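Working notes, beginning with the structure itself.
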Amino acid sequence: MNDPTTATGRTTWAQIGAVLAAVGASLCCVAPVLLISIGVGGAWMSSLTALEPYRPIFVVITLALLIFAGWRLYRREPSCDSDTACARPAVKRRQRLIFWLLALLVTALLTFPWYAPAFL
Numbered sequence: 001m002n003d004p005t006t007a008t009g010r011t012t013w014a015q016i017g018a019v020l021a022a023v024g025a026s027l028c029c030v031a032p033v034l035l036i037s038i039g040v041g042g043a044w045m046s047s048l049t050a051l052e053p054y055r056p057i058f059v060v061i062t063l064a065l066l067i068f069a070g071w072r073l074y075r076r077e078p079s080c081d082s083d084t085a086c087a088r089p090a091v092k093r094r095q096r097l098i099f100w101l102l103a104l105l106v107t108a109l110l111t112f113p114w115y116a117p118a119f120l
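Numbering (the numbering used here), first residue to last: 1 to 120.
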């Protein structure tokens, strides 16, 4: 894993945090649909909806971490040694691609409550 004290390490941790916060934000809606679709049921599944009041908090955390990660990826590096990752355009391009793929995944998770009825 990347060193958490470097710019790349902080961006990676922000992306991981954004995905985990998005999972937390959509847990109240995604988990019951997934469990029902694989045949698992029971009264205990209603306890997953108890997380619904915390959804806005997770959404804000997710968006803040995504904004931080995007800012770290797209801001101009003040100085970059030739032997570091920021000097290689292919590395930055790959990091940005991963960022946008994760942003799409996070968007799908955050908007799941609006299109979840289509799966039921």
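By construction, the Cβ of each residue, glycine as well, lies at the ideal position given by its N, Cα and C atoms.
Being a predicted model, the structure only gives us computed values, none of them experimental.
DSSP three-state call for residue i: helix, strand or coil?
| i | result |
| --- | --- |
| Ala-17 | The sequence shown places Gly at residue 17, rather than the Ala named in the question. Helix at Gly-17. |
| Arg-75 | coil |
| Ser-26 | helix |
| Arg-96 | helix |
| Gly-70 | helix |
| Thr-84 | coil |
| Thr-111 | coil |
Who are the near neighbours of residue i in its chain, counting only those whose CB is closer than 6 Å to its CB and skipping five residues on each side?
| i | result |
| --- | --- |
| Leu-109 | Ala-22, Ser-26 |
| Arg-96 | Leu-73 |
Determine, using beta carbons only, whether residue i and residue j come nearer to each other than 8 Å.
| i | j | result |
| --- | --- | --- |
| Gly-17 | Leu-63 | no |
| Leu-73 | Thr-12 | no |
| Ala-69 | Phe-112 | no |
| Leu-104 | Gln-15 | no |
Give every residue of the same chain whose Cβ lies closer than 8 Å to the Cβ of residue i, excluding the five residues on either side of it in the sequence, and list them in chain order.
| i | result |
| --- | --- |
| Val-106 | Ala-18, Val-19, Ala-22, Thr-62, Leu-66 |
Keeping to the same chain, check which residues put their C-beta closer than 7 Å to that of residue i; ignore five residues upstream and five downstream.
| i | result |
| --- | --- |
| Gly-24 | Phe-58 |
| Pro-53 | none |
| Asp-81 | Ala-87 |
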